[in-house]
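Here the structure is laid out as structure tokens; the discussion comes afterwards.
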Amino acid sequence: MAALSRILAGKSHGQGSLVGCKEGSSLEETGFNWGEYLEETGASAAPHTSFKHVEISIQSNFQPGMKLEVANKKNPDTYWVATVITTCGQLLLLRYCGYGEDRRADFWCDVVIADLHPVGWCTQNNKTLMPPDDLKSVQTIPSDANWRISLLLVLENF
7 MAALSRILAG
17 KSHGQGSLVG
27 CKEGSSLEET
37 GFNWGEYLEE
47 TGASAAPHTS
57 FKHVEISIQS
67 NFQPGMKLEV
77 ANKKNPDTYW
87 VATVITTCGQ
97 LLLLRYCGYG
107 EDRRADFWCD
117 VVIADLHPVG
127 WCTQNNKTLM
137 PPDDLKSVQT
147 IPSDANWRIS
157 LLLVLENF
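Residues in the sequence shown are numbered from 7 upward in steps of one, following our numbering.
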């Protein structure tokens with residue numbers, strides 16, 4: 007239990023400290039070894055699948071400029087194409103196609119829980135691709151008869 011006694015974390019006056027360690031010392035300085043700790047305590051390590059948030063933030067393949075099909079916020083049975091503006095770990099800042107450079111309607115989504123798909127997914131899965139209601143009032147989106155053509159033009163430049 008030597009490894010366990012070296013690492014027990016205590017809380018003192020709202021500040022974290024390592025029990026039995028000098029103030030300001032780091033975890034590395036204690037010589038703690040997870041392998042030893044698990045062996046001495048008979049415990050087993052949590053599987054890496056328990057930490058999806060870490061995997062996603064480290065291994066995210068989402069890049070600014072990518073196009074995705076995203077469920078419409080007000081009508082989740084329909085989807086529309088959005089562009090990845092920026093990424094922050096497992097969070098994506100998205101902008102629906104049709105807003106041009108207008109940032110007012112940008113929205114954040116968590117890749118773990120959001121309904122995100124590659125372009126073409128709606129067609130392959132018989133899902134409805136439809137501009138969000140708010141976007142229909144923006145001048146860059148034409149009438150219902152022409153929005154499909156407008157979207158094709160956007161995707162051709164993709």
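We put the beta carbon where it would ideally sit given N, CA and C, even for glycine.
Candidates the options: which alpha carbon is nearest residue i's?
| i | options | result |
| --- | --- | --- |
| Trp86 | Thr129, Gly41, Gly37 | Thr129 |
| Phe113 | Asp139, Trp127, Ile91, Asn132 | Ile91 |
| Gly95 | Trp40, Tyr102, Cys115 | Cys115 |
| Arg110 | Ile119, Val118, Leu99, Val117 | Leu99 |
| Ile119 | Asp140, Asp108, Leu97 | Leu97 |
| Thr93 | Val117, Asp108, Glu107 | Val117 |
Can you name, in chain order, every residue of its own chain whose Cβ lies under 7 Å from the Cβ of residue i, other than the five neighbours on each side?
| i | result |
| --- | --- |
| Ala77 | Tyr85, Asp121 |
| Asp108 | none |
For the alpha helix (DSSP H) containing residue i, list its first residue and its last residue.
| i | result |
| --- | --- |
| Cys94 | Where Cys94 is concerned, there is no enclosing alpha helix (DSSP H), although the beta strand (DSSP E) it sits in stretches over 84-94. |
| Glu75 | From DSSP, Glu75 is part of no alpha helix (DSSP H) but of the beta strand (DSSP E) over 73-77. |
| Tyr43 | 40-47 |
| Cys103 | Segment: none, Cys103 is in no alpha helix (DSSP H) and carries neither H nor E. |
| Ile130 | A quick correction: the sequence has Gln, not Ile, at residue 130. Per DSSP, Gln130 belongs to the alpha helix (DSSP H) from 127-130. |
Taking its Cβ as the centre, do 16 or more other Cβ atoms sit within 10 Å of residue i, making it buried, or is it exposed?
| i | result |
| --- | --- |
| Glu75 | buried |
| Thr89 | buried |
| Pro82 | exposed |
| Gly104 | buried |
| Pro124 | exposed |
| Glu45 | exposed |
Starting from residue i, trace the beta strand (DSSP E) both ways and give me its first and last residue.
| i | result |
| --- | --- |
| Cys115 | 113-116 |
| Pro124 | 122-124 |
Please go through the same chain and pick out, in chain order, the residues whose beta-carbon is closer than 8 Å to the beta-carbon of residue i, but skip the five residues on each side of it.
| i | result |
| --- | --- |
| Leu141 | Trp86, Tyr102, Gly104, Tyr105, Ala111, Ile147 |
| Lys79 | Phe113, Pro138 |
Which residues in the same chain as residue i place their Cβ atom closer than 6 Å to its Cβ, once the five residues preceding and following it in sequence are excluded?
| i | result |
| --- | --- |
| Lys133 | Tyr85 |
| Met136 | Thr84 |
| Trp127 | Glu75 |
Worksheet item: Is the region 38-56 touching the region 66-79, taking contact as three or more C-beta pairs under 8 Å?
Response: Flag = no, the region 38-56 and the region 66-79 do not touch.
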